[in-house]
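Residue numbers (this note's numbering): 346 to 645.
1. Provide the residue span of the alpha helix (DSSP H) that contains residue 618, from first to last.
2. Using a 10 Å radius around the Cβ and a threshold of 16 neighbouring Cβ atoms, would you call residue 347 buried or exposed?
3. Just to check my reading of the structure: residue 370 and residue 573 have Cβ atoms closer than 8 Å, yes? What is that Cβ distance to the nearest angstrom?
4. Can you round the beta-carbon distance between residue 542 and residue 426 to whole angstroms, since I take them to be within the 8 Å contact cut?
5. Rounded to whole angstroms, what is the Cα-Cα separation between residue 374 and residue 401?
6. Tell me the DSSP secondary structure of residue 496 in three-state form.
7. I believe residue 431 touches residue 506 by the beta-carbon criterion, under 8 Å. Please report the beta-carbon distance rounded to the nearest angstrom.
8. Would DSSP call residue 575 helix, strand or coil?
9. Three-state secondary structure (DSSP) at residue 568?
10. Taking C-beta to C-beta, are residue 536 and residue 593 nearer than 8 Å?
11. Could you name the residues of the same chain whose beta carbon sits closer than 8 Å to that of residue 618, not counting the 5 residues immediately before and after it, in chain order?
12. Given a threshold of 16 other Cβ atoms within 10 Å of its Cβ, counted over all protein chains shown, does residue 470 qualify as buried or as exposed?
13. Can residue 591 and residue 517 be called in contact, C-beta distance under 8 Å?
14. Which value, in whole angstroms, describes the spacing of the CA atoms of residue 405 and residue 548?
15. In chain order, what residues of the same chain have a beta carbon less than 8 Å from the beta carbon of residue 350, not counting five sequence neighbours either side?
16. Beta carbon of residue 421, beta carbon of residue 544: below 8 Å?
17. Going by the beta-carbon positions, is the gap between residue 424 and residue 513 smaller than 8 Å?
18. Put residue 595 into one of helix, strand or coil per three-state DSSP.
19. Would you give the residue range spanned by the alpha helix (DSSP H) that residue 290 belongs to?
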C-alpha cells in the first residue's frame, strides 16, 4: 500500500476529532471565528518548535522561501480560514454528519474549478459523477423535515455554507501542495512541516488581528476555553501535518478522495456521541454523495 493512503486516512480521523471539538466550542461561548482561532493558536507554536527540532536533528538544509511559496501559502491559508468558519457555522444549522458531508463536496468542486479555470480534461464518467453528486446535494439541501420540497429548497443558508466550505477547502488543498513543492526539498517531512509552520503562523496572526478589530472579546474567550481548545490545536496539528505530508506525496485530488472516509467517521460521531437524529433522506443523500465521489475517483 502506498504511504500516502494511510496518512490520508489518519488525516481524516484527526480532522473529524477536531471538528467535533470545534462544534462543542461553537455551541458554547465561542463564535465560529473564535473556534477557528483555537485551531491555529494552540497548534502554531508547537508546530514551529517541532519542525525546528526536526531540521536540527536531521541536519536539514533550510530552503529558500520564494515569492511563489508565500503566494501559495497565503491563498491556501486564507481559504482554509474561511472554509473552517463556514463549516463551524454550518454545524449550528444542520447536524454534524450532514455538515461534514456538505464540506466533502470539495472533491467534486475541485474538478469543476480545474475544468473551468485551467481547462483540465474531464471525462464523461467524471461529469456523470458530478451529476450524481448534485443529486446528493439536492437530497441534503432541504431542512430535515420540510413540509414540501422543490428546487427552491436548495436556496438556504446551510447549502450555501456547505458548498462554500467545500470550494474553499479545495482551493486550500491545491495551494498547500503548490507551496510545499515550491521549496524544492527531497525530504517530504521537511516540506510538509515547514509549509505547515509558515501557514499556521500567518493564520494565527491574521485571526488574532481580525478578532481584536471585529470581536475583541473572542480572543480572551479562546484563552478561557483553553482546557478544550488546546485539544483542538493538537488535533489540528496532527491532522494538518498528515494532510500536508500526503500532499507532498500525491496530488490533492487523490488525497482528498481517500479522505472521504471522514463521512463515515462523522456519521458515527453524530449518532453515537452527539445522539443526533439523521433522517432517512439525509442517509440517502450522504450515500449518493459518497457514491459520486467514489465514481469520481475512478474517473480521475
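All C-beta atoms in this analysis are idealised placements derived from N, C-alpha and C, irrespective of residue type, glycine included.
The structure presented is a predicted model; accordingly, all values stated were derived computationally and were not measured.
Looking at the coordinates:
1. Neither: residue 618 is in no alpha helix (DSSP H) and is coded neither H nor E.
2. So residue 347 counts as exposed.
3. Correct: roughly 6 Å between the Cβ atoms.
4. With a Cβ gap of about 16 Å, residue 542 and residue 426 do not count as contacting.
5. 40 Å
6. Low confidence applies to residue 496: its pLDDT is 48, below 50, so where it sits in the model is not reliable, and the reading given next is rough at best. Of the three classes helix, strand and coil, the one that applies to residue 496 here is helix, per DSSP.
7. Right, the Cβ-Cβ distance comes to about 5 Å (below 8 Å), so this counts as a contact.
8. helix
9. Helix at residue 568.
10. yes
11. 365
12. exposed
13. no
14. 25 Å
15. Counting only Cβ-Cβ distances below 8 Å, and skipping sequence neighbours, we find 603.
16. Yes, they are a contact pair.
17. yes
18. coil
19. A query on residue 290 cannot be resolved here, the shown segment of the chain reaching from 346 to 645 and no further.
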